[in-house]
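Student:
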Amino acid sequence: MDSNASLNREENLRSKFYQKLDTIFIIVFCVFYLFNFLGLKELTYLYGLFLALFSVMIFYLKPAEVLPYFFPFAMIEGQGRILWSYHPVARLVFDVFLLIVAFKAFYSNKKLIDTKAVPYYLYIFIILHFTWYFVQLFNPNAISLYAVLTATKIYIVPFILFFSFLTNPGLASDGNIKKIQSLVTLTLFLSSTLAIFQFFQGDSFITSINPYYKNILKDAFTGFLYRPFSTTHLPGGYASYLALFLPLLFIRRKSSFLQLVIKIVLVILCVYAMFLSQVRSSLIKGILCIVLINLILFLRGEKKLKRLLSLILLVVTLSGISLSLNIEQFYQDDIFSTAVDRFLSIGDVKAVSSSRQGPDKAISFILHNLGENPIGLGPGRTGGVSTLHTSTIVNDPVYDLSYSWAWDNLYISLAIDFGIGMIFYLIAIFLVPIKLLNYTSRRFFSNSEHLPMITVSAITTMVILLGNWGGILLPYNPESFCFWYYGALGFKYATKRYT
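Add 9 to a position in the sequence shown, counting from 1, and you land on the number used in my numbering.
1. Quick one, are the C-beta atoms of Ile260 and Val403 less than 7 Å apart?
2. Taking the alpha carbon of Leu49 as the point to measure from, which residue in Ala424, Ser217, Tyr434 has its own alpha carbon closest?
3. Which parts of the stretch 71 to 155 are runs of the alpha helix (DSSP H), unbroken and 4 residues or longer, counting only runs that do not cross its ends?
4. According to the neighbour-count rule (16 or more other Cβ atoms, all chains shown, within 10 Å of its Cβ), is Asn177 buried or exposed?
5. Taking only the alpha-carbon atoms, compute the straight-line gap between Glu381 and Phe139 and give it to the nearest angstrom.
6. Phe80 to Tyr408, Cα distance in whole Å?
7. Output needed for Asp123: all residues of its chain with C-beta closer than 6 Å, excluding positions within five of it in sequence on either side, in chain order.
8. Use the C-beta contact count for Ser411: other C-beta atoms within 10 angstroms, 16 or more gives buried, fewer gives exposed.
9. Does DSSP classify Ala181 as helix, strand or coil?
10. Answer with buried or exposed for Cys491, where buried requires no fewer than 16 other C-beta atoms within 10 angstroms of its C-beta.
11. So, under 8 Å CB-CB, Cys298 and Leu255 are touching, yes? Tell me the CB distance rounded to an integer number of Å.
12. For Tyr164 and Pro484, I'd like the C-alpha separation in whole angstroms.
13. Three or more beta-carbon pairs under 8 Å between the stretch 98 to 108 and the stretch 199 to 211, yes or no?
14. Buried or exposed: which applies to Glu74, given that a residue is buried once 16 or more other Cβ atoms fall within 10 Å of its Cβ?
15. Are Thr391 and Ser422 touching if we call contact CB-CB under 7 Å?
16. Mind checking Leu146: buried by the 16 CB within 10 Å criterion, or exposed?
17. Can we say the stretch 417 to 432 touches the stretch 457 to 464, given the rule of at least three CB pairs closer than 8 Å?
18. Compute the Euclidean distance between the alpha carbons of Asn45 and Arg18, then round it to the nearest angstrom.
19. Check whether the stretch 153 to 161 touches the stretch 470 to 481, taking contact to mean three or more Cβ pairs, one atom from each stretch, closer than 8 Å.
20. If you run the structure through DSSP and keep just helix, strand and coil, what is Trp493?
21. DSSP on Tyr4, reduced to helix/strand/coil?
22. How is Val280 classed by DSSP in three states: helix, strand or coil?
23. Excluding the 5 residues flanking Trp493 on each side, which residues of the same chain have their C-beta closer than 7 Å to its C-beta?
24. Considering Thr216, what are the terminal residues of the alpha helix (DSSP H) in which it resides?
25. Measure the C-alpha to C-alpha separation of Lys227 and Phe307 and round it to an integer number of angstroms.
26. Below 8 Å on the Cβ atoms is my guess for Met283 versus Ser291; work out the distance and round it to an integer in Å.
27. Write down every uninterrupted run of the alpha helix (DSSP H) in the stretch 424 to 471 whose length is 4 residues or greater and which is fully enclosed by it, in chain order.
28. Quick test of the definition: if touching needs 3 or more C-beta pairs under 8 Å, does the stretch 193 to 204 touch the stretch 268 to 285?
29. Assuming Phe34 contacts Met84 under a Cβ cut-off of 8 Å, what Cβ separation, rounded to an integer in Å, is found between them?
30. Let me confirm a value: Ser24 is counted as buried when at least 16 other C-beta atoms fall within 10 Å, else exposed. Which label applies?
31. For Phe112, is the classification buried or exposed, using 16 other Cβ atoms within 10 angstroms of its Cβ as the cut-off for buried?
32. State the start and end residues of the unbroken alpha helix (DSSP H) segment that holds Lys162.
33. Got a sec? Which residues, its chain only, sit under 6 Å from Tyr250 by beta carbon, not counting five neighbours each side?
34. I'd like to know whether the C-beta atoms of Ser286 and Ala252 end up nearer to each other than 7 Å.
35. Is it buried or exposed for Leu442, if we count other Cβ within 10 angstroms and need 16 for buried?
36. Using DSSP with H/G/I as helix, E/B as strand and the rest coil, what is Asn21?
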């Protein structure tokens, strides 16, 4: 009895401390955005306080408890890089914190993989990918051993995080899902409203916060070409986060009328903010996820989601009519002209595809690369990670910088980096949404209570993969974190292995 009472007492104390940490986190997070609205330079120090608080949380809280807080953290860590002038700590802190939580999950659950959470053949292809990556350490075409090792951050670490998510028994618990949804709701509201606010303030407002912004803006994104940052590290970069976080609004089956209204308001705010970002791919992906998820749930007969879909369709229809009637007015206001031009160019196939390879050219390019370099040119040759080795690549007597251009296409990038071994990575990433879509179809006809969760995971992961035809995004955050998190969440619900 005494031992039980002692355990209950400890659990009560722990619960109270968790609630205090949660409250402090929300306050600091909201104050961070308040400082952004006010344009205060003290954001640099506030971000340090935020990291200190997050450090306490990842070491004190259980892995499942702390994971929801990574969504708001992901939204602001980009600005943290700028505030700290891209110091190595600011660039790596998000991934380091995630790895700490991952190893805590492995240790607490006493296993590295959950063999019953996903099909065994998915693990097989991941292991084959790891094996081929080991071969790349001895690839004579590689930039250097250091380049291959640094690229593990984008080609190996995400799979480790995926394993840790799957071994986490509390990942899909009701409490965890509620916490994720509440934090994401707050994050979407603050980020979208800040982006809209920054758009109307112009580039001088953001550069007054920290001079490092000038290094990013240069002349390409100033004046009428300005794109707001919100709290990310790129002009218009917040659009990707909004598109990836929006599906989480629909992950729970039940919602009150107030929650329904909040969802509608957030969808409108986020779509408008993504329009202002001028990032067409994120706008398309965000709308595609929302429409497909709600369409499936609508066809299944979810009454409240029927109302939500009807209201969203009504808003979109009215907005479309309003835009078409007032398009000349938009053009008359120079501040909107660039955003409108980008938006209207979505329907212009030539304009959109001018900087992208078509399917026939891309496939031909991939086959040519596989024929020339069947073992690949080594990880780190293409994509954002290649910027770490630009000086070495430029001086490469055989494979110069021209070999690093992958036409903003993940699949061409994989062919250049891995050669024929790209097949293992490709099959592994495509098995995730394909299997989840299979689970969705089964739950659709059985009217399972888990249908919304699995549908959100399946649609979002598939849209992410399709979007990588026009960008090398999956290996990098936020797409990497979201893809594997959604994937693990979908598998946990599909196999009913949650507590």
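No residue lacks a Cβ here, since even glycine has one placed at the ideal position from N, Cα and C. Source: prediction; values computed, not measured.
Tutor: Quick answer:
1. no
2. Ser217
3. 72 to 75, 79 to 92, 97 to 118, 129 to 145
4. buried
5. 23 Å
6. 39 Å
7. Leu175, Thr176
8. exposed
9. coil
10. buried
11. 6 Å
12. 6 Å
13. no
14. buried
15. yes
16. exposed
17. no
18. 41 Å
19. no
20. helix
21. Coverage of the chain is limited to positions 10 through 508, which leaves residue 4 absent and any answer about it impossible.
22. helix
23. Pro167, Leu170, Phe171, Phe174
24. 212 to 218
25. 46 Å
26. 6 Å
27. 431 to 455
28. yes
29. Actually they are not in contact, since the Cβ atoms of Phe34 and Met84 sit about 13 Å apart, beyond 8 Å.
30. exposed
31. exposed
32. 161 to 164
33. Met84, Pro487
34. no
35. Going by the sequence as given, residue 442 is Pro instead of Leu. The residue in question, Pro442, is buried, as its Cβ has 16 or more Cβ neighbours within 10 Å.
36. helix
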